[in-house]
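Enquirer:
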Amino acid sequence: MSVSVPYLSVQRVYFDDLDALNILHNVRYLLFIERARGELFNALGFHWQDDLTVNPDKFNVIAEHRIRYLAPVRGEGVLGVELAISHLGRTSMTITARVLSADGTVVHAEGDTRIVRLDPTTYRPCPWSEHLRAVVTPLLQPAPAAS
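Read in order, the letters of the sequence shown are residues 0 to 146 in numbering that gives the first Met the number 0.
#1: Going by CA-CA distance only, name the one from Glu33, Leu17, Asp18 that's closest to Val207.
#2: Look at the alpha carbon of Leu20 and the alpha carbon of Arg36, and state the distance between them as a whole number of angstroms.
#3: Quick one: Cα of Arg73 to Cα of Glu109, how far?
#4: Using a Cβ-Cβ cutoff of less than 6 Å, which residues in the same chain neighbour Val53 once the five nearest sequence positions on both sides are dropped?
#5: Please classify Trp47 as buried or exposed, where buried requires at least 16 neighbouring CB atoms within 10 angstroms.
#6: Indicate the three-state DSSP secondary structure (helix, strand or coil) for His64 in the structure shown.
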């Protein structure tokens, strides 16, 4: 399992992702970031279809999204979503994201997502597994300065 960091996901913008102004709808940025996050964790070997005995860390929720829109994505085409894991706490992690133009020269949006692992019985925060810690810790990067 070789994953480079920051992780880059290339994604396609379709007509139905756009608003009436031919600009990527604001909520779609979060959708593209979520898809990239799923790709990243699949690449790391954490598959959502696995049951909890195989992947106990899949029982998690989004505790917070923060996003800043910097330059509109206009029309259909390709964009990149760059992800980095900037913090790994006992029960939470923070993943930073940048939505980029296809050539990487324009930062359209940036933000971060805080994820909290839950106990499947109590729905209360619980620690990440040692396996996840071993996989994620070498990939930690400080959060980039805001644009």
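Quick reminder that beta carbons are idealized off the backbone N, C-alpha and C, glycines included.
Expert: According to the structure shown:
#1: Because the chain in this structure spans residues 0 to 146, residue 207 falls outside the shown range and cannot be described.
#2: If I take the Cα positions, the gap works out to 28 Å.
#3: Take the alpha-carbon of Arg73 and the one of Glu109: they are about 17 Å apart.
#4: Within the same chain, Val53 has no close Cβ partners at all.
#5: Taking a 10 Å sphere around the C-beta of Trp47, we find fewer than 16 other C-beta atoms and assign the residue as exposed.
#6: Secondary structure of His64 (DSSP, three-state): strand.
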